[in-house]
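Each remark here refers to the structure printed beneath this line.
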């Protein structure tokens, strides 16, 4: 018999508090699924950025709109969906935050961080008509080499200047 | 955890000790308010001590960049001190290490203004 897929679905209000709430819920799921500290941080940050994207860009901070968070926990990976009620967007239209001309931009790094921190990342058209971010992280038990990494604390002790 | 910011003078330099998270909402707004106030008071040589900041999201990164440009536009400088590993890694992957001057000890950060 195939292992059971666990599924969580939550409808969030378009408000700043939803960002923290979504992050906390997914962090608990990630910890329970066996992810190490570093991977939990990356998953939490990605969920946070996904909900910020829905809150700010998708729903334009309009409180009458909703944010839809869904998490699927399969035998192999944790899959996270964040959908909004905006008009959608194409990944190809998102400016590269690493381009010289964008380095001093005060926004536009959320998609980049999600792509950097998750194993898979895509944006599709949501049933609501808005954008749906779909991202996943392979479970530690499924054999990802870095999935159980740990590490925290201050960086280095020797003086350095990188500018 | 809310962001707490405590400015203190070190000669002609203002060191701002930060603790907590710089994230969407109060954290980012608090940083913006503090830096803008310092700039208005002509304190434009600033070291932001991030030793007790272990979490910054994209909104917080945007606010750091905004603070940097606000200070520079007044002829001043904003430098970063004591990055935690997570913040260090975040600035590295976003290439902001090429923008900010970063120090791991306060005397060196202070001396760099002279």
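Chains as they are written, first to last, in the working numbering: chain S, 964 to 1126; chain R, 112 to 225.
In this text, a Cβ means the ideal position worked out from N, Cα and C, and glycines have one as well.
### Task
Tell me, to the nearest whole angstrom, how far the beta carbon of residue 116 of chain R is from that of residue 127 of chain R; I am working on the premise that it is less than 8 Å.
6 Å
### Query
What does a CB cutoff of less than 8 Å around residue 981 of chain S pick up in its chain, not counting 5 residues either side in sequence?
975, 1014, 1018 and 1030
### Message
Can you pull out the residues from the segment 152-166 of chain R whose beta carbon lies closer than 9 Å to at least one beta carbon of chain S?
### Response
162, 165 and 166
### Query
So what's residue 1104 of chain S in DSSP terms, helix, strand or just coil?
helix
### Message
For residue 125 of chain R, would you say it is in contact with chain S, using Cβ-to-Cβ distances shorter than 8 Å as the test?
### Response
no
### Message
Give me the DSSP bridge partner(s) of residue 216 of chain R.
### Response
Paired residue(s): none; residue 216 of chain R is not in a bridge.
### Query
Can you find a CB in chain R that lies within less than 8 Å of the CB of residue 1110 of chain S?
The predicted position of residue 1110 of chain S is uncertain, since its pLDDT is 47 and thus under 50; a value taken from the coordinates is nonetheless stated next. It does not; no Cβ of chain R falls within 8 Å.
### Query
Is the Cβ-Cβ distance between residue 169 of chain R and residue 143 of chain R less than 8 Å?
no
### Query
At what residue ranges does the segment 980-1017 of chain S contain a whole run of the alpha helix (DSSP H), taking only runs of 4 or more?
1000-1016
#### Entry: Within chain B, partners of residue 1069 of chain S - CB distance below 7 Å
No chain B is part of this structure, whose protein chains are labelled S and R.
### Message
By the three-class DSSP mapping on this structure, what secondary structure does residue 160 of chain R have?
### Response
strand
### Query
What's the call for residue 1024 of chain S, buried or exposed, on a 16-neighbour Cβ count within 10 Å?
exposed
### Task
Can you grab the Cα-Cα spacing for the pair residue 1039 of chain S / residue 990 of chain S, in whole Å?
17 Å
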